[in-house]
Ligand SMILES: Cc1ncc(COP(=O)(O)O)c(C=O)c1O
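Residue numbers (our numbering): 25 to 438.
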């Protein structure tokens, strides 16, 4: 490991958790340069929902490169962007009655969040933002300012007027009262222009908001002229079953942030979906050199056409989500002595083991068994499962067995 330790910044993180040199990957498997295989229940922090090196998308990428097609395009027209826009409209937006336009932004989730906040402020003239405990929106200065600490790592940036509300798993009258107060009371003299939330939180502990609460957020924001931003960077693109994790609620966001798995192949790509009548930008007002990753448009279009032309992907993800939940319920019952709880939505799931040292011990035991899992949530006490949604069922079962052995080992060592 010496060159990494000597030449790379101390900020490096995941490599400390998984000290192996990964060299190839396919589907749900990562292989080290020594040929050791790991089952990947982390999937690039959710960027690889469609698996590592998905062969269908690799073929598209290879063909694209060999043919000398455009790679970098800013926001000029290309056939690949046309295909991507058409697929997004016909397969995702129209069937869900979402009258929205696509805004390409620089290639990270945080850039999408920046663009959403900027547009909301531009639309309302109001600078303050309401967000939620456990919310994570990225590491740019403003995105970090509206994020909770990321799984045990404190976020130090704070800029602008921001108010945090508690996460709401089961809505009560008290939550609605807090929401009302939060939306109508200025922060540092600044009125509230936007609410941002992850309908299912990722880093905050793989936990979905109560859909009834999401409906209430929509209603109150409509009454007050506050913009609703859904950050679907981690939970979107099919991770929870439906394409968007807010489906089935009445959240009906004004702006949706997508990134991570939207290219299908793990390529850098991020977009905003903006309600058509709110798309009031002047040309070039929000820009960025890497908005046009044309290779990612090509793979994304194929991913959308292949996986979202019917309801199969959603159905299969929900079924696998149930398998995961059943396994986690069993672990909570068997090893938790009444203290563990199961969280999640579809294939964004976790086992809350109440303290970070046990969660870390489980993740370490898993790594020793060649299973990659991450920890997250308040106090970093949740073992998070984020397997590719296209994982084969036998691999899913194998991973869950490895997880059980890891939980058993970590618990018996206490
Ligand atoms: C919900 C959510 N929003 C935004 C981000 C930031 O994305 P990026 O790391 O690509 O900037 C993340 C990253 O984990 C995320 O989970």
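Just so you know, even glycine gets a beta-carbon here, dropped at the ideal spot from N, CA and C. Just so it is clear, the structure is predicted and the values come from calculations on it, not from any experiment.
Exercise. Do residue 71 and residue 339 come within 8 Å of each other at the CB atom, strictly closer than that value?
Worked result: Contact: no.
For this session: Please classify residue 84: does DSSP put it in a helix, a strand, or coil?
Result: Under the three-state reduction of DSSP output, residue 84 falls in the helix class.
Exercise. Around the Cβ of residue 374, are there at least 16 other Cβ atoms within 10 angstroms (buried) or fewer (exposed)?
Worked result: Under a 10 Å Cβ-count criterion, residue 374 is classified as buried, with 16 or more other Cβ atoms of the shown protein chains found around its own Cβ.
Exercise. Looking at C-beta atoms only, is the number of pairs between the stretch 274 to 283 and the stretch 307 to 314 that lie closer than 8 Å three or more?
Worked result: No, they do not touch.
Problem set entry | For residue 337, the three-state DSSP class (helix, strand or coil) | Correct three-state label for residue 337: helix.
For this session: Tell me whether residue 371 counts as near ligand 1, meaning its Cβ is closer than 7 Å to at least one heavy atom of that ligand.
Result: Outside the cutoff, so no.
For this session: Report buried or exposed for residue 31, applying the criterion of at least 16 other Cβ atoms within 10 angstroms of its Cβ.
Result: With fewer than 16 Cβ atoms within 10 Å of its Cβ, residue 31 is classed as exposed.
For this session: For residue 212, collect the residues of the same chain with a Cβ closer than 7 Å to its Cβ; drop the 5 residues on either side in sequence, then sort them by chain order.
Result: 185, listed in sequence order.
For this session: Ignore the nearest five residues each way along the sequence and tell me which others in residue 291's own chain have a CB closer than 7 Å to its CB.
Result: For residue 291, where only same-chain residues beyond five positions count, the Cβ hits under 7 Å are 317, 319, 320, 323.
Exercise. Which ranges would you report for the alpha helix (DSSP H) in the stretch 216 to 292 if only whole runs of at least 4 residues count?
Worked result: Whole alpha helix (DSSP H) segments, 4+ residues: 235 to 248.
For this session: Provide the residue span of the beta strand (DSSP E) that contains residue 398, from first to last.
Result: Counting along the chain, the beta strand (DSSP E) containing residue 398 begins and ends at 398 to 400.
Problem set entry | Segment contact flag, the stretch 134 to 142 with the stretch 340 to 357, C-beta cutoff 8 Å, min 3 pairs | Contact between the stretch 134 to 142 and the stretch 340 to 357 is absent, because fewer than three Cβ pairs lie under 8 Å.
For this session: Report all residues from its chain with a CB closer than 6 Å to the CB of residue 195; omit the five preceding and five following residues, and keep chain order.
Result: 234, 236, 237.
Problem set entry | Three-pair Cβ contact test at 8 Å for the stretch 390 to 409 versus the stretch 47 to 67 | Yes, they touch.
For this session: Could you please give me the residues that DSSP links to residue 50 through a beta bridge?
Result: Looking at the DSSP assignment, residue 50 forms a beta bridge with 53.
For this session: Sort 126, 193, 400, 206 by Cα distance to residue 302 and report the nearest one.
Result: Ranking the options by Cα distance to residue 302, first place goes to 126.
Exercise. Thinking C-beta only, is residue 171 closer than 8 Å to residue 159?
Worked result: Yes. Within cutoff.
Exercise. How big is the Cα-Cα spacing for residue 391 and residue 42?
Worked result: Cα to Cα, residue 391 sits roughly 7 Å from residue 42.
For this session: Would you mind stating whether residue 147 and residue 330 have Cβ atoms separated by less than 8 Å?
Result: Going by C-beta atoms, residue 147 is not nearer than 8 Å to residue 330.
For this session: Indicate the three-state DSSP secondary structure (helix, strand or coil) for residue 175 in the structure shown.
Result: Because the pLDDT of residue 175 is 47, which lies under 50, any placement of that residue in the model is unreliable, and the question is left without a value.
Problem set entry | With 16 other Cβ atoms within 10 Å as the buried cut-off, status of residue 278 | Answer is buried; the Cβ neighbour count reaches 16.
For this session: Would you tell me roughly how many angstroms separate the C-alpha atoms of residue 295 and residue 100, rounded to the nearest one?
Result: Those two C-alpha atoms are separated by around 15 Å.
Exercise. For residue 140, is the beta carbon positioned less than 7 Å from some heavy atom of ligand 1?
Worked result: No, the Cβ of residue 140 stays beyond 7 Å of every heavy atom of ligand 1.
Problem set entry | Residue from 409, 145, 371 with nearest C-alpha to residue 386 | Ranking the options by Cα distance to residue 386, first place goes to 409.
Problem set entry | Per DSSP, the bridge partner or partners of residue 125 | The partner list for residue 125 (beta bridge, DSSP) reads 298.
Exercise. Where in the stretch 334 to 375 do unbroken runs of the beta strand (DSSP E), each at least 3 residues long, occur, reported from the N-terminal end onward?
Worked result: You should have 365 to 369.
Exercise. Who are the Cβ neighbours of residue 266 in its own chain at under 6 Å, not counting the five residues just before and after it?
Worked result: Same-chain partners within the cutoff: 338.
For this session: For residue 417, I'd like the list of residues in its chain whose CB is within less than 8 Å of its CB, leaving aside the five on either flank, ordered along the chain.
Result: Cβ neighbours of residue 417 beyond the five flanking positions: 344, 347.
For this session: Return the chain-ordered list of same chain residues with a C-beta closer than 7 Å to the C-beta of residue 428, the five sequence neighbours on each side being excluded.
Result: Around residue 428, the same chain offers 355 as residues with beta carbons nearer than 7 Å, after the five sequence neighbours per side are excluded.
Exercise. Does the stretch 245 to 256 touch the stretch 88 to 99, meaning 3 or more C-beta pairs lie closer than 8 Å?
Worked result: No, the stretch 88 to 99 does not touch the stretch 245 to 256.
Problem set entry | residue 363 burial status per 10 Å Cβ neighbour count (16 or more: buried) | By the 10 Å Cβ count, residue 363 comes out exposed.
Problem set entry | Unbroken beta strand (DSSP E) run spanning residue 152, endpoints | Here the beta strand (DSSP E) through residue 152 covers 152 to 156.
Exercise. What residue from 119, 76, 388 has the CA that sits closest to residue 332's CA?
Worked result: Check the Cα spacing between residue 332 and each of 119, 76, 388: the tightest is with 119.
For this session: Within its chain, find whatever has a CB closer than 6 Å to the CB of residue 164; leave out the 5 residues flanking it on each side and keep chain order.
Result: Same-chain partners within the cutoff: 134, 138.
For this session: Assign residue 431 to one of three DSSP states: helix, strand, or coil.
Result: If DSSP states are grouped into helix, strand and coil, residue 431 belongs with the helices.
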